[in-house]
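Under numbering that gives the first Met the number 0, residues 0 to 89 are what the sequence shown spells out, in order. Notes for the one structure printed next.
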Amino acid sequence: MINPQIEELLDRVDSKFSLVTLAARRARQINSYFNQLGDGLGHMVPPQVSSVSRKPLSIAFEEIAADKIIQTEPAEPLEVEDESAHDAAV
0 MINPQIEELL DRVDSKFSLV TLAARRARQI NSYFNQLGDG LGHMVPPQVS SVSRKPLSIA
60 FEEIAADKII QTEPAEPLEV EDESAHDAAV
């Protein structure tokens, strides 16, 4: 039995594909956090839930179920003007 339930996780994202992407990205961040603990570097965000699970993906799923991690849409990239048009105007 998967804990948290898959249905509970799917309620928090658009699709199962975005759930996989979000959880995998967060699991990599958690894994990096645990790997750099002994180095004294503090730039990684620690797990946001207390969990008995040791696997980063399970911790990521628990964070999503607890609404600690939410899906956001990437910002629209700014349009860059064509450099040749800019040079011609100058």
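Glycine included, C-beta positions come from ideal geometry on N, C-alpha and C. What you are looking at is a predicted structure, and each value in this text was computed from that prediction instead of being measured.
* Taking the alpha-carbon positions, what's the S57 to H42 distance? -> 22 Å
* Let me know the secondary structure DSSP gives T71 once reduced to three states. => coil
* Determine the DSSP secondary structure at L77, reduced to helix, strand or coil. => coil
* Is the CB-CB distance between P46 and I29 below 8 Å? -> yes
* **Burial state of L77 (16 or more Cβ within 10 Å)** => exposed
* chain B within 8 Å of A74, Cβ atoms only -> You won't find chain B in this structure, because it holds only one protein chain.
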